[in-house]
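S.K.:
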Amino acid sequence: SLISQLQLITTRFKGPSFELDSHEKAEVEEYRAWFQNCEHLLLDLGANRGDTILRWLTEENYSGRSRSSSIDTIYSLEHRKKFCILSFEPNGMFKSTLRATERRMRAEGFKVKVKICTAVSDRFSESVIYIDDISTHSYGTSLIPEKKVNFAGQLHSLGKEQAVKLVDLRSILSRVPESTELVVKMDIEGGEYDVLRSMIPSGLVCSINVLIIEYHDHKLRKGAVPAGINGVIEWILGGERCGVQIIHDD
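Taking the working numbering, I'd label the letters of the sequence shown as residues 2 to 251.
1. Would you mind reading off the limits of the beta strand (DSSP E) that contains Phe89?
2. Along the chain, where does the alpha helix (DSSP H) containing Thr53 start, and where does it finish?
3. Which one of Cys85, Gly191 and Asp195 has the shortest CA to CA distance from Gln37?
4. Does Glu190 pass the burial test, meaning 16 or more other C-beta atoms within 10 Å, or should it be called exposed?
5. Where Lys148 and Val115 are concerned, what is the direct C-alpha to C-alpha distance, given to the nearest angstrom?
6. Apply the 10 Å Cβ neighbour rule to Leu42 and answer buried if 16 or more other Cβ atoms are within range, or exposed otherwise.
7. If I follow the unbroken beta strand (DSSP E) through Glu182, where does it start and stop?
8. Ile173 by DSSP, collapsed to three states: which one?
9. For my contact list, Ser199 and Arg171 are in at a C-beta cut-off of 8 Å; report their separation, rounded to the angstrom.
10. Nearest-angstrom Cα distance between Ala48 and Tyr216?
11. Hey, quick one: how far does the beta strand (DSSP E) through Ile248 stretch, first residue to last?
12. Helix, strand or coil, according to DSSP, for His217 in the structure here?
13. Excluding the five sequence neighbours on either side, which residues of its own chain have a C-beta within less than 7 Å of the C-beta of Ile234, listed in chain order?
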């Protein structure tokens, strides 16, 4: 609730306190090893076709959406090229495009890794995503079945299901070296509320330097999240105790 989230302001953040099984430990160890030698890291949560990867490293894009200036207001292209990029995309429709982008960026000397049919969450699990099969680019695919997609000025329900692997974002963040400059782009189609809520008590969310976020409360079922939740999140994350810089990417 909003009250419980507000109460977190008056308490001291504690260290991570979640348990992992052997398979989960092996997976997060893979991330820990990959993060080594990454002084600057972008976690691209909701890669779609790979616009953020291209826009971050090359200033190219697939679509008009990526011409937003939010990236340019933070870092110059020269600085962005220093970043490692770890991307997650649950929609298997984009596999070939993302793999091609991953290969190209690696060939150009960048450290890029893409996890496909994988979504960040507040837990490790198996689940399904609901595919946006109405719009031309499947932007609205979500783990939340009642989430709507806006296409041609109308809100439409999501369509077919696809199996997806869930990974706990807390576990990933806990393996990022403390000295690493960390940027998180979060466009996870309504899942941002559960994910951010899970990271606040441990203080792991405060390891993020810059959060580029798109909120989706207006596309969720009425009452699914409390009114005013976006402002509360930004009050908590942007306060002196946490200090996350928040950029809207709507």
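Even glycine gets a Cβ: it sits at the ideal position worked out from N, Cα and C.
Keep in mind it's a predicted model, so treat the numbers as computed, not measured.
M.R.: Taking the structure as given:
1. Cys85 to Glu90
2. Asp52 to Leu58
3. Cys85
4. buried
5. Confidence at Lys148 is low in this model, with a pLDDT of 49, below 50, so its placement is unreliable and no value can be given for it.
6. buried
7. Glu182 to Met187
8. helix
9. 6 Å
10. 16 Å
11. Gln246 to His249
12. coil
13. Leu197
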